[in-house]
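**Student:** After the structure tokens below, expect a handful of questions from me.
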Amino acid sequence: MSAGKFITFEGIDGAGKSTHIAFVADLLRQRGKHVVTTREPGGTALGESLRELLLHEKMHLETEALLMFGARREHLAQVIDPALARGDWVISDRFTDATFAYQGGGRKLDRAKLEVLEKWVHPHRQPDLTLLFDVPLEVARMRLDTTRHLDKFEREKAEFFTATRAEYLRRAEQFPLRFRIIDSTLPIPDVHKKLEEIVASL
-4 MSAGKFITFE GIDGAGKSTH IAFVADLLRQ RGKHVVTTRE PGGTALGESL RELLLHEKMH
56 LETEALLMFG ARREHLAQVI DPALARGDWV ISDRFTDATF AYQGGGRKLD RAKLEVLEKW
116 VHPHRQPDLT LLFDVPLEVA RMRLDTTRHL DKFEREKAEF FTATRAEYLR RAEQFPLRFR
176 IIDSTLPIPD VHKKLEEIVA SL
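Residue numbers (my numbering): -4 to 197.
Rendered as structure tokens:
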């Protein structure tokens, strides 16, 4: 059995990452891979229940981070790890980099606390590839303005997203071997061409 790979899609709200998940999944299926697509927070029945709380309820910052990692532990146990063990490829809309970006960068939670949770919840599991869809804040906000119902993160002020984006870019610099930064201001056909090149290199 060939080994599966774990691919994550990251970016601030409005970066457009979700638009391209189905495209990459189809590319991999065309190459004979069995692909599981999932998301965070969510991915399991418990995770989806926690998602509703996390996206819409006010709570203490540390509670928010703990719930994110609680949903992630279940996600790993029920979906990600079993799929990879079968040799499937897993594509997740967000993973731990998002927690560092949003709760760490945007909300200013001590990074050391997140690192402890990361080592506890998935000490031996990191994405094989992280696609970071990067876009200037003004473009992301313009895209969000077309969304009817914004969650509590999407309603945050510009300073929050500036810090979130900065933390994403810091993570990309810290882990250059697994990150690929995608210019999400490009037309969709150009983004798809870049994604085809990346998938072909896997």
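Using N, Cα and C, we set each Cβ at its ideal position, and we do this for glycine too.
(1) Within 10 angstroms of its Cβ, does Ser87 collect 16 or more other Cβ (buried), or is it exposed?
(2) Between Thr39 and His15, how many whole angstroms is the CB-CB distance? I'm expecting something under 8 angstroms.
(3) Counting only runs of 3+ residues fully inside the stretch 93 to 174, write out the beta strand (DSSP E) ranges in chain order.
(4) Please look up how many angstroms separate the CB atoms of Leu124 and Arg173, rounded, as I've assumed it's under 8 angstroms.
(5) Give me the Cα-Cα distance between Asp105 and Phe1, rounded to the nearest whole angstrom.
(6) Considering only C-alpha positions, which residue in the set Ala93, Ala107, Gly65 is nearest to Lys12?
(7) How about the stretch 1 to 10 and the stretch 55 to 68: do they share at least three Cβ pairs that are nearer than 8 angstroms?
(8) For Phe64 and Ala(-2), what's the separation of their Cα atoms in angstroms?
(9) Given that a residue counts as buried once 16 or more other Cβ atoms are within 10 Å of its Cβ, and exposed if not, what is Arg81?
(10) Under the DSSP definition of a beta bridge, which residues are partnered with Ile183?
(11) Taking Ser44 as part of the beta strand (DSSP E), name the residues at either end of that continuous run.
(12) Between Glu23 and Val30, which are expected to be in contact by the criterion C-beta below 8 angstroms, what is the C-beta distance as a whole number of angstroms?
(13) Thinking C-alpha only, which one of Lys188, Glu113, Glu35, Leu132 is nearest Val85?
(14) How close, in whole Å, do the beta carbons of Leu45 and Ala66 come, if the pair is a contact with beta carbons under 8 angstroms?
(15) Please go through the same chain and pick out, in chain order, the residues whose beta-carbon is closer than 8 angstroms to the beta-carbon of Asp146, but skip the five residues on each side of it.
(16) Drop a sphere of 10 angstroms on the beta-carbon of Leu127, count the other beta-carbons inside from all chains shown, and report buried for 16 or more, exposed for fewer.
(17) With DSSP run on the structure shown, which of helix, strand or coil describes Ile7?
(18) Express the C-alpha separation of Ala96 and Gln121 in angstroms, rounding to a whole number.
**Tutor:** Working from what's here:
(1) Against the sequence shown, residue 87 aligns to sequence position 92. Buried, because 16 or more other Cβ atoms sit within 10 Å of the Cβ of Ser87.
(2) The count along the sequence shown starts at 1 and reaches residue 39 at position 44. The count along the sequence shown starts at 1 and reaches residue 15 at position 20. Actually they are not in contact, since the Cβ atoms of Thr39 and His15 sit about 23 angstroms apart, beyond 8 angstroms.
(3) 124 to 129
(4) Your numbering for residue 124 matches position 129 in the sequence shown. Your numbering for residue 173 matches position 178 in the sequence shown. The pair is a contact, with the Cβ atoms about 6 angstroms apart (cut-off 8 angstroms).
(5) On the sequence shown, residue 105 is found 110 positions in, with the first residue counted as 1. On the sequence shown, residue 1 is found 6 positions in, with the first residue counted as 1. Going by the C-alpha atoms only, they are around 27 angstroms apart.
(6) Your numbering for residue 12 matches position 17 in the sequence shown. Out of Ala93, Ala107, Gly65, Ala93 has the C-alpha closest to the C-alpha of Lys12.
(7) no
(8) Within the sequence shown, the letter at position 69 stands for residue 64. Within the sequence shown, the letter at position 3 stands for residue -2. Distance between the alpha carbons of Phe64 and Ala(-2): 26 angstroms.
(9) Residue numbering aside, residue 81 sits at position 86 when the sequence shown is read from its first letter. Burial call: exposed.
(10) Here the question's residue 183 lines up with position 188 in the sequence shown. Paired residue(s): none; Ile183 is not in a bridge.
(11) Against the sequence shown, residue 44 aligns to sequence position 49. Run containing Ser44: none in the beta strand (DSSP E); it sits in the alpha helix (DSSP H), 40 to 51.
(12) Within the sequence shown, the letter at position 28 stands for residue 23. Within the sequence shown, the letter at position 35 stands for residue 30. Sequence check: residue 23 is Leu here, not Glu. So it is a contact: roughly 5 angstroms between Cβ atoms.
(13) The residue labelled residue 85 in the question sits at position 90 within the sequence shown. Checked all of Lys188, Glu113, Glu35, Leu132; the closest Cα to Val85 is Glu35.
(14) Against the sequence shown, residue 45 aligns to sequence position 50. Against the sequence shown, residue 66 aligns to sequence position 71. Sure, about 4 angstroms apart at Cβ, within 8 angstroms.
(15) For the purposes of this step, residue 146 is identified with residue 151 of the sequence shown, where counting begins at 1. Closer than 8 angstroms at Cβ, skipping near neighbours: Leu50, His51.
(16) Counted from its first residue, the sequence shown places residue 127 at position 132. Buried.
(17) Numbered from its first residue, the sequence shown carries residue 7 at position 12. In this structure, Ile7 counts as coil in the three-state DSSP scheme.
(18) Taking the first residue of the sequence shown as position 1, residue 121 is located at position 126. Taking the first residue of the sequence shown as position 1, residue 96 is located at position 101. Spanning the two alpha carbons is a distance of roughly 16 angstroms.
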